[in-house]
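Visitor:
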Amino acid sequence: MKLNELKLTNPYLSLPQECHDPVTPTPLKGPFLIHANEPFAEELGIDKEELHTGRFVEFVNGSWHPEGSNPFAMCYAGHQFGHYVPQLGDGRAVNIGTLNGWHFQLKGAGVTKYSRSGDGRAVLRSSIREYLMSEAMHGLHIETTRALAMIGSNHSVYRQEWEKGAIVLRLSPSWVRFGTFEYFAHKKHFDELKALTEYAIAESYPHLIGQNDRYIRFFEAVVACTAKLIAKWQAVGFNHGVMNTDNMSIAGLTIDYGPYAFLDVYDHNNICNHSDAYGRYSFGNQPDVAEWNLRALMTALSPLLDIHTMEEILSGYRTLYRTAYLDEMRQKLGLDTAEKGDMVFVKHLLGVLQALQVDYTLFFRALSRYDGEHKALLSLGLYHAPMQEWLESYDRRLEHNKSSTTERHEKMLQTNPKYVLKNYMLQEAIDAAEKGEYTRIDDLFQIARNPFAEHPKFECWAGHTPEEHRNTKLSCSS
Ligand code: AMP
Ligand code: MG
-18 MKLNELKLTN PYLSLPQECH DPVTPTPLKG PFLIHANEPF AEELGIDKEE LHTGRFVEFV
42 NGSWHPEGSN PFAMCYAGHQ FGHYVPQLGD GRAVNIGTLN GWHFQLKGAG VTKYSRSGDG
102 RAVLRSSIRE YLMSEAMHGL HIETTRALAM IGSNHSVYRQ EWEKGAIVLR LSPSWVRFGT
162 FEYFAHKKHF DELKALTEYA IAESYPHLIG QNDRYIRFFE AVVACTAKLI AKWQAVGFNH
222 GVMNTDNMSI AGLTIDYGPY AFLDVYDHNN ICNHSDAYGR YSFGNQPDVA EWNLRALMTA
282 LSPLLDIHTM EEILSGYRTL YRTAYLDEMR QKLGLDTAEK GDMVFVKHLL GVLQALQVDY
342 TLFFRALSRY DGEHKALLSL GLYHAPMQEW LESYDRRLEH NKSSTTERHE KMLQTNPKYV
402 LKNYMLQEAI DAAEKGEYTR IDDLFQIARN PFAEHPKFEC WAGHTPEEHR NTKLSCSS
């Protein structure tokens, strides 16, 4: 499909007027393409040659609109660090329409009704982080929003200093957040709340359409999807960093990439967000915070649903999370049977990784080739008594496996990534981009797309994080 043939729809605009506000994107000055996601364009049915045209830059810059586009910003509220903020909304993201269930958004395309004191812009560094990490999560088979392209500009944007503005063209099967429900519930606008619930069911849980008990099944489904998503984050070592309820997707997707981090050395208490003084959004707290957020959603849905039934569903969250997490960890460990003591076994390992300050990703990748020879893990500096002791219990546990060692290795190498985009790697790409050099972005894009492959050319990114960059914190300012 050519860009001129694109025909977008706007299903969200069928919701009551209070849910959205029309907005005209404000294009950046001097826009140019930094990167385009050709494989994703193909998935969407857009010719990849089109991505390298001037028209496409105009499209991402919001200065050319495909047929049917009717730009708007979405309204939502949210609990930020536990405090309710009654009015948030798309302050810098402009929705430009929908194609085959994918909703297009321009992030950084200027002010909207919901910008508050913000400038509606996104800076280059945070745009690179969102663009690459959403594709990396997709490559890791973790539910996420996606990104089709990123443009840079000559447009100056002030944060702590002058920076350059950028726009990410991001797409999602849903942009509805827990906070979208909170907005209408707290205002007691129950007609809108009901309409939104019907919309979210149709958009993300269509199997529930028309069922009498669809609202309660909807809540149940959100609880289950959230538990599964967080289990995947914990298993892969992803710390989101800003799990405010406005950054929680009703469809169970990873959404709104900010000061996130992949763990370098394993640290249960890792805090990646500089503003998170008390570790509310620390790595180890993510499963509990997700439950807290689900409780906020439950409260928002209470005008529509019996609170006791919802309480009962929510009380099942921990078991859902635990089951999903154990499934993930068994796969990471190459265990093809489930046993009673598995959580203790996993916690034992995590305790050892924490104590010995072992790189989380490197450890599991090395373990994916483990053949009973303890010394093989020496390269990671793991030849210590606590690891030795854990390996002995692993040896015993592997004896119960049904698959052969070769089969286990094959599966583990497809489960444990060789590459994750650690913050120091992203920072290298950002530093280069800020000097006008964009090839690193494509390099990281290649490993993000297929993190389980060897990529001999990019071996430099498969090693330890340089000491000074380990488990550092990032600022929210973006
Ligand atoms: P975030 O931290 O990106 O999830 O944003 C939290 C809220 O602040 C959302 O409502 C955003 O739309 C809004 N926001 C963040 N940065 C800006 C900005 N530069 N201009 C306007 N609104 C913003
Ligand atoms: Mg957000």
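Quick note on our numbering: the sequence shown kicks off at -18 and runs consecutively.
Every residue gets a Cβ at the ideal spot worked out from N, C-alpha and C, and that includes glycine.
Please check the pair Phe40 and Leu(-16), which I expect to be a contact at CB under 8 Å, by giving their CB distance rounded to whole angstroms.
Guide: Yes, Phe40 and Leu(-16) are in contact; Cβ-Cβ is about 6 Å, under 8 Å.
Visitor: So is Gln215 buried or exposed if we call it buried at 16+ other beta carbons inside 10 Å?
Guide: buried
Visitor: Smallest Cα separation from Ala413: which of Ala90, Arg106, Gly91 and Lys313?
Guide: Arg106
Visitor: With Trp83 as the anchor, note down where its beta strand (DSSP E) starts and where it stops.
Guide: Trp83 to Lys88
Visitor: Which whole-angstrom value is the C-beta distance of Ile148 and Leu87, which I expect to be below 8 Å?
Guide: Rounded to whole angstroms, the Cβ separation of Ile148 and Leu87 is 5 Å, and the two are in contact under 8 Å.
Visitor: Ordered along the chain, which non-local residues of its own chain (more than five positions away) have a Cβ less than 7 Å from that of Gln335?
Guide: Tyr247, Asp248 and His249
Visitor: In terms of residue numbering, what span does the alpha helix (DSSP H) encompassing Ser108 cover?
Guide: Leu105 to Gly120
Visitor: Where the beta carbon is closer than 5 Å to any heavy atom of the ligand MG, which residues qualify, in chain order?
Guide: Listed by chain position, these are Asn228 and Asp237.
Visitor: What did DSSP end up calling Gln395 once you bin it into helix, strand or coil?
Guide: coil
Visitor: Is Cys457 near the ligand AMP - that is, is its Cβ less than 7 Å away from at least one heavy atom of it?
Guide: Correct: Cys457 has its Cβ closer than 7 Å to the ligand AMP.
Visitor: Is Val339 near the ligand AMP, judged by its Cβ being under 7 Å from some heavy atom?
Guide: no
Visitor: Check the DSSP bridge columns for Pro3 and list the partner residues they point to.
Guide: Per DSSP, Phe53.
Visitor: Counting along the chain, where does the beta strand (DSSP E) carrying Thr(-10) start and finish?
Guide: Element bounds for Thr(-10): n/a, residue is neither H nor E.
Visitor: Below 8 Å on the Cβ atoms is my guess for Trp442 versus Ile422; work out the distance and round it to an integer in Å.
Guide: With 8 Å as the limit, Trp442 and Ile422 do not qualify as a contact, their Cβ atoms being about 13 Å apart.
Visitor: Helix, strand or coil for Met131, going by three-state DSSP, please let me know.
Guide: strand
Visitor: Whole angstroms are fine: how far does the CA of Tyr186 sit from the CA of Phe326?
Guide: 36 Å
Visitor: With contact counted as at least three CB pairs below 8 Å, one residue from each stretch, are the stretch 192 to 211 and the stretch 13 to 29 in contact?
Guide: Too few Cβ pairs lie closer than 8 Å, so no.
Visitor: Tell me Val66's beta-bridge partners as DSSP assigns them.
Guide: Gly59
Visitor: Which residues in the same chain as Ala410 place their Cβ atom closer than 7 Å to its Cβ, once the five residues preceding and following it in sequence are excluded?
Guide: Ile109, Arg421, Ile422 and Leu425
Visitor: Could you tell me if Asn143 is buried or exposed, where buried requires 16 or more neighbouring beta carbons within 10 angstroms of its beta carbon?
Guide: It should be noted that the sequence gives Trp, not Asn, for residue 143. When all chains shown are included, Trp143 counts as exposed.
Visitor: Do Lys145 and Val4 come within 8 Å of each other at the CB atom, strictly closer than that value?
Guide: Not closer than 8 Å, so no.
Visitor: Return yes when the Cβ of Leu121 is within less than 8 Å of the Cβ of Pro432, no when it is not.
Guide: yes
Visitor: Taking Cβ positions, are Ala277 and Phe159 nearer each other than 8 Å?
Guide: yes
Visitor: Determine the closest residue to His46 out of Ser96, His33 and Glu(-14), with distance taken between C-alpha atoms.
Guide: Of the candidates Ser96, His33 and Glu(-14), the residue whose Cα lies closest to the Cα of His46 is Glu(-14).
Visitor: From Glu449 to Leu314, what distance separates their C-alpha atoms?
Guide: 29 Å
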